[in-house]
Amino acid sequence: MSDSRISTAHPASPSPLRTLARLRNASDSDLAFASSLTRANMHHYYSLAGVTWSEELFLHYWQQTYNSMVVVASDDERFAQLPPSMALQPFALGDSNEVRIGLVRLHFNVHSALLWDLQLSPLAQGQGLGALLLERVLHTCSQAGCRSMALDVYKNNPALQLYQRYGFVTECETEFELKLSRPLPYSAEPQPAPHHSEAVRPRSAPV
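Residue numbers for the sequence shown, in my numbering: 19 to 225.
Next comes the structure, spelled out in structure tokens:
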């Protein structure tokens, strides 16, 4: 499998993470990290909504989605520019030369895609990486022929502003969540073509 570095269209002093981060296909060895990160990031929202975390449900849906990990190479000399604590999180260590900092999960139907999850380690947040990942997902799904993309987001999640900035609008809502969608294809300012990769490539929708 070819790894895929996340292209950046924001040349003005990009953070080291935005130039180092890449996507790769998830494996069974990533499940514990993915579960821990998702549970930690979503704890606040689940508590307010009265949702109880279920490891069984997480595993069930993990098997129904296409999962990619966001990683940085610890043997890259630029890794020294990252916060030291990032490399010291035991749960984040993947292979000997990488640190996992996030994940992207997608579900594909015939003509549409669902952004099931986009999670970043707190140390990787606030550096524009979420926007780059969202752009990558939108471009990939557009190139795959998807006509629309949908997602669910908690109303008090700051990520809501990011999704709205990228053209997602509210379809319906519950007491705590919004269902957002936007048409595809996605087009933005010209960007460098991403390297070929199997990461974030659609597969047949689960049965």
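From the three backbone atoms N, C-alpha and C, an ideal C-beta is built for every residue, glycine too.
How would you label residue i, buried or exposed, when you count the other beta carbons within 10 angstroms and need 16 or more for buried?
i: H129; result: exposed
i: W80; result: buried
i: S65; result: exposed
i: L77; result: exposed
i: V69; result: exposed
i: D135; result: buried
i: C190; result: exposed
i: S199; result: buried
i: L202; result: buried
i: A50; result: exposed
i: L75; result: exposed
i: A58; result: exposed
Once the 5 residues before and after residue i are set aside, which same chain residues still bring their CB inside 6 angstroms of it?
i: L55; result: Q137
i: L87; result: Note that residue 87 corresponds to Met in the displayed sequence, not to Leu. So the list reads R42, A44, D48, R118 and L121, once near-sequence residues are dropped.
i: L178; result: V171
Terminal residues of the continuous alpha helix (DSSP H) containing residue i?
i: S65; result: L49 to A67
i: S160; result: L147 to Q161
i: Y79; result: E73 to W80
How far does the beta strand (DSSP E) with residue i in it extend, from its first residue to its last?
i: G120; result: E116 to F126
i: E191; result: V187 to E191
i: R42; result: R40 to N43
i: A142; result: That residue, A142, is in no beta strand (DSSP E); it is neither H nor E in DSSP.
i: Y181; result: That residue, Y181, is in no beta strand (DSSP E); its alpha helix (DSSP H) goes A177 to R183.
i: D46; result: Per DSSP, D46 belongs to no beta strand (DSSP E) and is neither H nor E.
i: L202; result: Careful: L202 lies outside any beta strand (DSSP E) and carries neither H nor E.
Once you ignore the five residues that flank residue i on each side, which residues in its own chain have a CB closer than 8 angstroms to its CB?
i: E116; result: V89, V90, A91 and S92
At the level of alpha carbons, what is the spacing between residue i and residue j?
i: L147; j: R36; result: 6 angstroms
i: Q182; j: T158; result: 19 angstroms
i: F194; j: L169; result: 14 angstroms
i: H61; j: S139; result: 14 angstroms
i: S205; j: K197; result: 22 angstroms
i: Y63; j: Q161; result: 33 angstroms
i: F186; j: N175; result: 15 angstroms
i: S166; j: L132; result: 9 angstroms
i: A39; j: T188; result: 30 angstroms
i: L141; j: R154; result: 21 angstroms
Given residue i, which residues of its chain have a CB within under 7 angstroms of its CB, disregarding the five upstream and five downstream residues?
i: L180; result: G148, A149 and L152
i: L106; result: Here the model assigns L106 a pLDDT of 44, short of 50, so the residue's position is not dependable, and the following value carries that caveat. If we look at L106 and ignore the five residues flanking it on each side, it has no Cβ neighbours.
i: S53; result: E73 and F76
For the ligand SAM, I want to know if residue i counts as a neighbour, meaning its beta carbon is within less than 7 angstroms of at least one of the ligand's heavy atoms.
i: L178; result: Annotation note on the ligand SAM: not contained in the displayed structure, which lists no ligands.
With a threshold of 8 angstroms between beta-carbons, can residue i be considered close to chain B, or not?
i: S47; result: Here chain B cannot be found, since the structure has a single protein chain.
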